[in-house]
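One structure is given here, and the rest of the page talks about it.
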Amino acid sequence: MHISTVYVQNLEERVKLDTLVDALRTVFAEFGNVVDIVAKKNLRAKGQAFVVYDSPESAQDAINEIDGFEIFGKPMKLAFARTQSDKTVELQGSQEELEQHKRHRQAEKGMINSISHLIPLLTSAGYTDKRKALESAEEQRQINKRGSGSVNDNRPAKAAKSSGLKSTSAAA
1 MHISTVYVQN LEERVKLDTL VDALRTVFAE FGNVVDIVAK KNLRAKGQAF
51 VVYDSPESAQ DAINEIDGFE IFGKPMKLAF ARTQSDKTVE LQGSQEELEQ
101 HKRHRQAEKG MINSISHLIP LLTSAGYTDK RKALESAEEQ RQINKRGSGS
151 VNDNRPAKAA KSSGLKSTSA AA
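Our numbering numbers the first residue of the sequence shown as 1 and each following residue consecutively.
Laid out in structure tokens, this is it:
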């Protein structure tokens with residue numbers, strides 16, 4: 001399947017969600033049938049949206065024609081989405097394919113979230129390609145899983161601390 005979803009960045013975050021979606025629908029409808037628009041207000045998704053067309057050609061036309069077009073005073077940055085949207089899979093596939101797509105997307109998102117904190121370290125260590133950095137981070141995570149107890153085995157045991165209480169018995 002070809003991607004028919006446009007990823008939109010650099011949207012004005014202070015505009016109400018309904019107003020933003022209506023404006024995006026008006027602008028993007030010029031290039032084909034808009035099946036769905038996904039925009040969220042949570043912190044990580046602010047300023048972004050996904051516009052789903054019924055054909056990859058419509059998505060390509062929109063990217064070619066309106067990348068950089070200003071909406072609410074900010075120029076949009078457009079690109080193809082990295083994966084098929086849920087709506088596209090729902091329309092073109094079976095219910096089982098949709099469920100499989102959602103499971104795969106969630107698993108991928110979980111893996112990236114669990115190792116994303118390592119990307120800045122890896123890029124500063126010479127890994128300039130984000131994909132290579134992610135792969136290296138995943139390898140490191142697997143190594144850490146396998147040998148989680150061995151790192152601590154070489155350290156000396158902690159010395160017991162006194163409680164700081166004085167004895168009241170006369171035995172001392």
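The beta carbon of each residue, even a glycine, is placed where N, CA and C say it ideally should be. If you're wondering where the values come from, they're calculated on a predicted model, not measured in any experiment.
Original post:
Are at least three pairs of beta-carbons, each pair with one atom in the stretch 32-51 and one in the stretch 7-17, less than 8 Å apart?
Top reply: Yes, the stretch 32-51 touches the stretch 7-17.
**OP:** Spell out the partners DSSP gives Asp36 in its beta bridges.
**Re:** Taking the first residue of the sequence shown as 1, we reach residue 36 at position 36. Note: Asp36 sits in a beta bridge opposite Val52.
Original post:
Taking the continuous alpha helix (DSSP H) assigned at Val21, which residues delimit it?
Top reply: Taking the sequence shown and counting its residues from 1, one reaches residue 21 at position 21. It spans 17-28 - the alpha helix (DSSP H) in which Val21 sits, taken as one unbroken run.
Subject >> Same chain, Cβ closer than 8 Å to Leu20, neighbours up to 5 away in sequence not counted >> reply: Numbered from 1 along the sequence shown, position 20 holds the residue referred to as residue 20. Taken in chain order, the residues that qualify are Leu11, Glu12, Ala39, Ala49, Phe72.
Subject >> Simplified DSSP state of His78, which is helix, strand or coil >> reply: The residue given as residue 78 occupies position 78 in the sequence shown. This sequence places Leu at residue 78; His is not what is there. Strand.
**OP:** Name the one or two DSSP bridge partners that Ile71 has.
**Re:** Taking the sequence shown and counting its residues from 1, one reaches residue 71 at position 71. Under DSSP, Ile71 takes part in a beta bridge, and its partners are Lys74.
Subject >> Test item: CB-CB of Val213 and Val35 under 8 Å >> reply: For the chain, the structure presents residues 1 to 172; residue 213 sits outside this window and is missing.
**OP:** Determine the contact status of Ser185 and Phe31, defining contact as a CB-CB distance below 8 Å.
**Re:** Lying before the first or after the last residue shown, residue 185 is absent from the chain, which here runs from 1 to 172.
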